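Asks: My questions will all concern the structure given below.
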């Protein structure tokens, strides 16, 4: 139990730092505007992204499956009801504000008392503009809690120059909030710790102080994760690989697998700009270092290498890691932290150009992606209505008998998106077809069109035992009095 004096100091420090965030209103407002405009086409598309389908249809929560206690509880207040009706784009707008506040904290922590210019703000915006964050903002229900997990992951660093007891306590509380809102943000705190320690050393900080900061951060991080694991985490299928697998190099194999995804997701021009950004980070770090230049180069390389590991958080050590976009958004935080660090060194026109070009590429991609969702929704509705109309014309569907329905195949992406995605592998990965085999692929068709007397089945239906009821250019329907299978083309 903290004594009264420590609690009082924490409260006073908390109030002071909240006031300082208010003083960051200019970068917060600019970043919020950038995110809202960049994501506007996503809001306008009104696309029900995967889990959104179920929550919009039935108003359920479902976050306790992943021990997201904060999300489960706070969603009742945000939606003002135990039934979670669709109130978009309010949750996504809230996500933009939280993301902007978190990005502004990065500016405050690395900028210290330096003036925050537009280039620095642009650098911080990479946190949300990097395409992997689009996999977060696309969710109408989940996005504010995912953004909140980022905010609470960076908030403790406002206190890192305070007394260790205050910093450790605030870190522990915030990291527990992160764990109970969205665990994919588990890499943000160690990422910022690494770069902040490097930045301090480069500015002439004593090694003893930087090592003490890292140890304090490590204690907070380990305590929060262990506390979550043994006190708050509910049993699920998630598991980490064993120490033996770690020693056999599986950790590094997963690392390479993550970055092979990044390699194929990103356009060549994006990869060139990111390479230049990393190169500029090394150059700026060494040129402006107050330590030995060779040591500065070694530390900068080691820092980027370590950051490229930890940015994916615990997902990197999962037995079955997730490679969907939202689980990889930590890469955007890595790019943002490097860019913010460089932006506060002596201004270089090359960095300004690289940073502006990278932000613009990601900004325009965000708009293209949102418009692609709208196009896919039109195509999805067209294909679903064709299938529903053909079912309606079948005699065996006009009975009161309950029938199991199964979808085979996939409608794929709209031809417009196929043309758009040439050179944009990321676009194909982000946009779901909405009508395919599998639980969520069938969900929209089964639950949103009031088709009577059908239910989904998890069992495979043998179409070789069923007659063909209808064959069209878009699908083939097999069925009898008990089962219906729609094979999409």
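Numbering (my numbering), first residue to last: 378 to 866. Note that CB positions come from ideal geometry on N, CA and C, so glycine has one too. Just so we're clear, the structure is a prediction, and the values are computed from it rather than from any experiment.
1. Please report the distance separating the alpha-carbon of residue 796 from that of residue 662.
2. Leaving out the 5 sequence neighbours to the left and right, which residues in its chain are closer than 7 angstroms to residue 749 when beta-carbon positions are compared?
3. Run through DSSP, which three-state label would residue 378 get?
4. Give every residue of the same chain whose Cβ lies closer than 6 angstroms to the Cβ of residue 548, excluding the five residues on either side of it in the sequence, and list them in chain order.
5. According to DSSP, which residues form a beta bridge with residue 832?
6. Rank 575, 564, 628 by C-alpha distance to the C-alpha of residue 602 and give the top, closest one.
7. When we look at the beta-carbon of residue 510 and count the other beta-carbons within 10 Å, is it buried (16 or more) or exposed?
8. Which runs of the alpha helix (DSSP H), 4 residues or longer, sit entirely within the region 672–744?
9. Whole angstroms are fine: how far does the CA of residue 812 sit from the CA of residue 426?
10. Relative to the C-alpha of residue 677, which candidate in 718, 449, 799, 703 has its C-alpha closest?
11. Tell me the residue span of the beta strand (DSSP E) that contains residue 853.
12. Do residue 689 and residue 506 count as a contact pair if the criterion is CB distance below 8 angstroms?
13. When you compare only the Cα positions, how much space is there between residue 556 and residue 735?
14. For the region 471–490 and the region 637–654, state whether three or more C-beta atom pairs, one from each stretch, are separated by less than 8 angstroms.
15. Name the one or two DSSP bridge partners that residue 813 has.
16. Please list the terminal residues of the continuous alpha helix (DSSP H) segment that includes residue 428.
17. Using a Cβ-Cβ cutoff of less than 6 angstroms, which residues in the same chain neighbour residue 434 once the five nearest sequence positions on both sides are dropped?
18. What's the gap between the Cα of residue 668 and the Cα of residue 790?
19. Measuring only the C-alpha atoms, how far is residue 379 from residue 553?
20. Just to confirm, are residue 613 and residue 443 a CB contact at a threshold of 8 angstroms?
21. Do three or more CB pairs link the region 844–863 to the region 762–781 at distances below 8 angstroms?
22. Under the assumption that residue 408 contacts residue 501 (Cβ atoms under 8 angstroms), give the Cβ distance between them as a whole number of angstroms.
23. Span of the alpha helix (DSSP H) holding residue 653?
24. Whether or not the region 454–465 and the region 577–589 are in contact is what I'm after, with contact meaning three or more pairs of Cβ atoms, one per stretch, closer than 8 angstroms; do they touch?
25. Taking the runs of the beta strand (DSSP E) that are 3 residues or longer, which of them lie wholly in the region 522–607?
26. If we count Cβ pairs, one from each stretch, closer than 8 angstroms, do we get three or more for the region 625–634 versus the region 564–576?
27. Quick check: residue 595 and residue 518, are their CB atoms within less than 8 angstroms of each other?
28. Taking 7 angstroms as the cut-off, is the C-beta of residue 699 nearer than that to any heavy atom in the ligand NAD?
29. Going by alpha carbons, who is nearest to residue 737 out of 454, 499, 490?
30. In the DSSP assignment, what are the bridge partners of residue 865?
31. Answer yes if the region 751–759 comes into contact with the region 414–426, meaning at least three C-beta pairs across the two stretches below 8 angstroms, and no otherwise.
32. If you run the structure through DSSP and keep just helix, strand and coil, what is residue 847?
33. Nearest to residue 642 by CA position, among 404, 854, 708, 713, is which residue?
34. Name the residue from 858, 865, 857, 838 whose alpha carbon lies nearest to the alpha carbon of residue 851.
Replies: On the basis of the supplied data:
1. In a straight line, the C-alpha of residue 796 is about 42 angstroms away from that of residue 662.
2. 794, 797, 804, 808
3. In this predicted model, residue 378 has a pLDDT of only 47, less than 50, meaning its place in the structure is not dependable; the value taken from the coordinates is given anyway. DSSP places residue 378 in coil when its eight states are reduced to three.
4. The answer, listed in chain order, is 533, 597.
5. 781
6. 564
7. buried
8. 707–720
9. 12 angstroms
10. Between residue 677 and the set 718, 449, 799, 703, the nearest pair of CA atoms involves 718.
11. 852–856
12. no
13. The straight-line gap from Cα to Cα measures roughly 31 angstroms.
14. no
15. 787
16. 428–435
17. 824
18. 54 angstroms
19. Because residue 379 carries a pLDDT of 48, less than 50, the predicted location of this residue cannot be relied on, and the following value inherits that uncertainty. Answer to the nearest angstrom: the Cα atoms are 18 angstroms apart.
20. yes
21. Contact holds: three or more Cβ-Cβ distances are below 8 angstroms.
22. 7 angstroms
23. 645–664
24. no
25. none
26. Too few Cβ pairs lie closer than 8 angstroms, so no.
27. no
28. No copy of the ligand NAD occurs in the structure displayed, which carries no ligand at all.
29. 499
30. 852
31. They touch, by the three-pair rule.
32. strand
33. 708
34. 865
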